[in-house]
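Residue numbers (the numbering used here): 9 to 298.
Below is one structure, written out as structure tokens, with a few remarks after it.
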């Protein structure tokens, strides 16, 4: 995966929390709000009135009551700060939100845009979590998974990118598991064996199917208005955010020939660039009036 500050400059728990909120399951009002914040709001100065969010999320099928509840919950998460002006409210993105959203955008727009050179080495982590620390297993799975690792067997985690070592060490330290973990970095001599290892650890056909589903969902309709462009772009970006979390971005040598993820990335960027101007016009219109 192309290097970016989202992986290197922020606590794994904070990154994983935000992107998980944006990505998994049926799109919710919160999913859509975070996508709108990351796609439009983060690049403008000044606060945004509640009515703009009601109009934007309303175009996506979210009712006014749910919009207001979602804004309040997002504020409670430390991403939005409300400002009362008489009986009305406008919202400021917090510094934390701007950092998270800009870095998240950098990640999704750089994903699969260029090929990385693989040094043919693997990180292997052996870890035996004590029974008294069973509560740490879920957090370990989420955070190491976000860092690009897969659970090969019970207590055995692997990753083909050695530059993820420091992040793995940070995760283990954050969870106070460094004393029960042993980390090795080394090479396997046979490429076929490594391909087999990757196929055992990651569900590559499922990732491939997710890309194919993405392509089917988004490459049929042409927006006929600025509002339609806004809706389709928001849905496009919202769905694309999910894929970098599902796709471990394995080295080309470990993937099927003509990996569908590369084509999906090109198609995503093409549609995004095509729809963004009209979508931005709609956002500009609804944010211009309190």
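Using N, Cα and C, we set each Cβ at its ideal position, and we do this for glycine too.
DSSP three-state label for residue 98, please.
Assigned with DSSP and collapsed to three states, residue 98 falls in strand.
What's the C-alpha gap between residue 176 and residue 39?
As the crow flies, the alpha-carbon of residue 176 is around 27 Å from that of residue 39.
On the DSSP letters alone, give me the boundaries of the beta strand (DSSP E) that residue 230 sits inside.
Counting along the chain, residue 230 falls outside any beta strand (DSSP E), and DSSP gives it neither H nor E.
Would residue 135 and residue 185 qualify as a contact pair, given that the criterion is a beta-carbon distance under 8 Å?
Taking 8 Å as the cut-off, the beta carbon of residue 135 is found closer than this to the beta carbon of residue 185.
Under 7 Å Cβ to Cβ from residue 261, same chain only, skipping five residues before and after it: list those, please.
Taken in chain order, the residues that qualify are 126 and 199.
Residue 128: which of 141, 201 and 168 sits nearest, CA to CA?
Cα-wise, what sits closest to residue 128 is 168.
Pick from 89, 258, 107 and 292: whose alpha carbon is nearest that of residue 204?
Comparing Cα positions, the closest option is 258.
Backbone secondary structure at residue 32 - three-state DSSP
Only weak support is given to the placement of residue 32: the predicted model assigns it a pLDDT of 44, under 50, and the value that follows is read from those uncertain coordinates. If DSSP states are grouped into helix, strand and coil, residue 32 belongs with coil.
Across which residues does DSSP place residue 164 in a beta bridge pair?
Answer is 134 and 161.
Under three-state DSSP, which class holds residue 128?
In the three-state DSSP reduction, residue 128 falls in the coil class, being neither helix nor strand.
Contact defined as beta carbons within less than 8 Å: I believe residue 160 pairs with residue 149. What is the distance between those atoms, to the nearest angstrom?
Contact annotation, residue 160 with residue 149: C-beta distance approximately 13 Å; criterion of less than 8 Å not satisfied.
Checking the sheet assignment: what are the DSSP bridge partners for residue 190?
134, per the DSSP bridge assignment.
Under 8 Å between C-beta atoms of residue 286 and residue 237:
Going by C-beta atoms, residue 286 is nearer than 8 Å to residue 237.
Alpha helix (DSSP H) segments (min. 4 residues) lying fully within the segment 234 to 271:
Fully enclosed alpha helix (DSSP H) runs of 4 or longer: 234 to 254.
Kindly indicate the opening and closing residues of the beta strand (DSSP E) around residue 92.
Note, residue 92: beta strand (DSSP E), 88 to 93.
Residue 252 classed as buried or exposed, judged by whether at least 16 other C-beta atoms fall within 10 angstroms
So residue 252 counts as buried.
Please state whether the Cβ-Cβ distance between residue 45 and residue 103 is less than 8 Å.
No.
Using only CA atoms, which one of 70, 187, 53 and 84 lies nearest to residue 59?
The shortest Cα separation from residue 59 among 70, 187, 53 and 84 belongs to 70.
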